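Reading through the structure tokens given below for one structure.
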């Protein structure tokens, strides 16, 4: 396949090779190295067309998909001979090879790191404009003079979405350079009149741009001439202007605005700039359009565009405004519709006088402006004298109440007929005013009544002196304006009572009060002031204050006026205590603090201390409120406690808030309200005092709960000490709780004391020396921990070490003695004789009874003799115990009754009485003795009453 362009000859082989020769000399000369395009185009099948440019350095070509010559590839290729590279434009995607590369490189990046650059936005814009999926390349040609400009035909190969109408064909223009590759320039719809065999770029001065089809003209039966938009108005002989416009278009495509404007700066033809501005509407280049408008000296259009930019309107709206300024109304309408600004579409149609189109738009898309459109149309109809249609549209605009009378005021008969026909109050009123201006009062009154304008009716009746009828109509209608007018008429006639009545009915209370004061209507002033409210209440209160016998009304009016301070002062001054109670009920935290303080002082002086405390709290004088509770012993209930406790939004510092809470807690302590006191101390952050308050309450469960919640060593210690004062001997749960508290507090010395106490209980009450020995062991272990831990203070540590060591030695000695006693008891199982001998020696040890009870020792000895039926020896041991003075041993506490009775029976002595029986006998003897003593009558009465 070959192609010739001037002196350049291009040849392409079926194997994919392509060469360019120079034919300017006598023999052909190969200019560039031949290239095999199969290496650059993997899908290469067969050549469709080739075209070489005027410089001989670029070749445009298309390829076939298969042997079908009617089906070609959807790409247009350009081979750059100088650097042996191939570029393309894809009809399906609407982008070039370089743009495809940029899109792919951006797609590889993570979605979070994809900035939408200006280049990407330009690609998306061009893709939406030049994408032609149902088209394929047709004929294409290079410009005769400019080696950069390429024009390609886009042939439709399918139908549109409805499936019936074929898609239109287009003409694509593009610039191709080695540096910037393929740059898309413009897209125009191909003429439907003819097929296209060749393209050229030129300027025809006779082109009529207003002709249908834009810039297309038939110059013969077979030839259609079309001038590119950029070249309209340029002289065909002015080669420099043509070249400048080509350069301008090229630089505009690659985004080099400075070079673009430099290329056309010497063009002075105003029509050229106007055509360029029109072209900017098509290409959506508002920046270029502003330059064009400047050269056109079109200040109005430039100002309009500048304002749209300053208002930051959408780009479509800016372009549409430019189109309007250039007279491109249809393009402006399309842009407004695209931006969904149908209100502006409506304005464009109205400005053109296209009312049918305007109403079609406003009824479907812009109903909010429907009435305004009807109003504008009515004004236009009125200007041309079409009154009937104007009335119809004024009614649709709902402005006929004023506009129709204005329009028909020169034709009274027509207007009267229209008014009666419509029978609307607004029109009746307008006509009544018109008739009244002519002096026809009766007719005017009739129309006023039809319009229900009672004020005007009363005005006419008063003018005619018909006051009774006016009074009746005013009472029936209830119209306030009419009542006010009638009241003024009665005032001028010195009928004060009626004037006050109708001023009141009209709501003109100030006028009614003024008139009542002037005429001495004292009883009515208070009610009128209450109905009026505001400053009238205070003025009425001052009025009554100067009169005798109206103190209650004065206080009430001051109170209703919100002048609580004045009401309180005057109530205190005049002794209105009932009113004071009512005022106090309405006082709250929003009242004036000074008023609250004065009220609190008054109630405190009158023994209403709880009310005084509440008012002081409302005044935010918490300390004074608490002090009043302390002085007057005001019981702090839960409600009062909530009032006295400031919330977090109060303007109190943390220190002030804590101090106040502690004062409340001390007041609660004074009133023996220990639970509230603990609560307040806790809110103040003083947990130790809160714990002391709970200890005074005696609520064991709350003491335990608070100690576990507080997580403080001192509180654990206090809780443990408190629980030791309870009956823990019979409550295993309390014992475990005491042990746990001392362990959490780290008070192992106190825990040791508790274990020692447990051991003594086991010995005294249960005679269980094994458990006592275990308790003493735990006490010694705790003391060991305390000794090992030590203290930071050296002097204190030495004293403590000495005391703890001494205590430890005492406990060890006690444990050794108890262990020795237990060993002797265990020996009894093996050698009773030796065990009895050691017990005898053990009982003779000095102070043995402080550790091991002698009663337990003698109980073993007596039991041993009873087992051997040696009752005499057992009885002698009992007698020995009874005869001991220090310590005295009551064997009845150590031996059971059966054993004692057995011994007494075998020895022949009376049985020993139980300790309970002896106690009862002693009480009986004391009573008998008391009965034998003679007391005085008064002393006997005190004894019987149980007094000391």
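Residue numbers (full-length UniProt numbering): 1 to 948. All C-beta atoms, glycine included, are put in the ideal place defined by N, C-alpha and C. Remember, it's a predicted structure, so these values are computed and weren't measured experimentally.
Please look up how many angstroms separate the CB atoms of residue i and residue j, rounded, as I've assumed it's under 8 Å.
{"i": "residue 133", "j": "residue 53", "result": "Between residue 53 and residue 133 the Cβ distance is about 28 Å, and since that is not below 8 Å, they are no contact."}
{"i": "residue 63", "j": "residue 45", "result": "6 Å"}
{"i": "residue 286", "j": "residue 292", "result": "The pair is not a contact, with the Cβ atoms about 10 Å apart (cut-off 8 Å)."}
{"i": "residue 860", "j": "residue 827", "result": "With a Cβ gap of about 11 Å, residue 860 and residue 827 do not count as contacting."}
{"i": "residue 154", "j": "residue 83", "result": "Actually they are not in contact, since the Cβ atoms of residue 154 and residue 83 sit about 28 Å apart, beyond 8 Å."}
{"i": "residue 891", "j": "residue 858", "result": "7 Å"}
{"i": "residue 482", "j": "residue 515", "result": "The pair is not a contact, with the Cβ atoms about 18 Å apart (cut-off 8 Å)."}
{"i": "residue 425", "j": "residue 452", "result": "6 Å"}
{"i": "residue 244", "j": "residue 263", "result": "5 Å"}
{"i": "residue 487", "j": "residue 502", "result": "4 Å"}
{"i": "residue 584", "j": "residue 599", "result": "6 Å"}
{"i": "residue 72", "j": "residue 48", "result": "5 Å"}
Taking all protein chains shown into account, do 16 or more other C-beta atoms lie within 10 angstroms of the C-beta of residue i, making it buried, or fewer, making it exposed?
{"i": "residue 78", "result": "buried"}
{"i": "residue 56", "result": "buried"}
{"i": "residue 470", "result": "buried"}
{"i": "residue 949", "result": "As displayed, the chain neither begins before 1 nor continues past 948, which places residue 949 out of reach and without an answer."}
{"i": "residue 602", "result": "buried"}
{"i": "residue 802", "result": "exposed"}
{"i": "residue 138", "result": "buried"}
{"i": "residue 770", "result": "exposed"}
{"i": "residue 805", "result": "exposed"}
{"i": "residue 94", "result": "buried"}
{"i": "residue 448", "result": "buried"}
{"i": "residue 61", "result": "buried"}
Tell me which residues share the same chain as residue i and place their Cβ nearer than 7 Å to its Cβ, disregarding the 5 neighbours each side in the sequence.
{"i": "residue 296", "result": "270, 273, 274 and 277"}
{"i": "residue 856", "result": "767 and 894"}
{"i": "residue 703", "result": "694, 695, 719 and 722"}
{"i": "residue 714", "result": "688"}
{"i": "residue 182", "result": "78, 87, 89, 96, 174 and 176"}
{"i": "residue 418", "result": "404 and 408"}
{"i": "residue 247", "result": "263"}
{"i": "residue 496", "result": "515 and 519"}
Less than 8 Å between C-beta atoms, sequence neighbours within five positions excluded: which residues of the same chain meet that for residue i?
{"i": "residue 597", "result": "615, 616, 619 and 621"}
{"i": "residue 808", "result": "780, 783, 784 and 787"}
{"i": "residue 326", "result": "274, 277, 278, 281 and 301"}
{"i": "residue 119", "result": "102"}
{"i": "residue 465", "result": "none"}
{"i": "residue 954", "result": "Coverage of the chain is limited to positions 1 through 948, which leaves residue 954 absent and any answer about it impossible."}
Quick check: what's the CA-CA separation for residue i versus residue j?
{"i": "residue 416", "j": "residue 344", "result": "39 Å"}
{"i": "residue 437", "j": "residue 463", "result": "14 Å"}
{"i": "residue 667", "j": "residue 818", "result": "53 Å"}
{"i": "residue 675", "j": "residue 710", "result": "16 Å"}
{"i": "residue 75", "j": "residue 359", "result": "47 Å"}
{"i": "residue 506", "j": "residue 479", "result": "8 Å"}
{"i": "residue 872", "j": "residue 850", "result": "29 Å"}
{"i": "residue 629", "j": "residue 636", "result": "8 Å"}
{"i": "residue 878", "j": "residue 903", "result": "10 Å"}
{"i": "residue 288", "j": "residue 12", "result": "42 Å"}
{"i": "residue 727", "j": "residue 634", "result": "36 Å"}
{"i": "residue 318", "j": "residue 81", "result": "43 Å"}
{"i": "residue 883", "j": "residue 874", "result": "14 Å"}
{"i": "residue 754", "j": "residue 823", "result": "25 Å"}
{"i": "residue 20", "j": "residue 142", "result": "16 Å"}
{"i": "residue 845", "j": "residue 852", "result": "10 Å"}
{"i": "residue 228", "j": "residue 40", "result": "34 Å"}
{"i": "residue 249", "j": "residue 241", "result": "12 Å"}
{"i": "residue 369", "j": "residue 172", "result": "42 Å"}
{"i": "residue 468", "j": "residue 498", "result": "12 Å"}
{"i": "residue 773", "j": "residue 815", "result": "6 Å"}
{"i": "residue 367", "j": "residue 563", "result": "55 Å"}
{"i": "residue 348", "j": "residue 373", "result": "12 Å"}
{"i": "residue 284", "j": "residue 322", "result": "10 Å"}
Mind checking who residue i pairs with in its DSSP beta bridge?
{"i": "residue 154", "result": "137 and 170"}
{"i": "residue 64", "result": "46 and 72"}
Go through its chain and collect everything with a Cβ distance to residue i's Cβ below 6 Å, but skip five positions before and after it.
{"i": "residue 324", "result": "332"}
{"i": "residue 589", "result": "618"}
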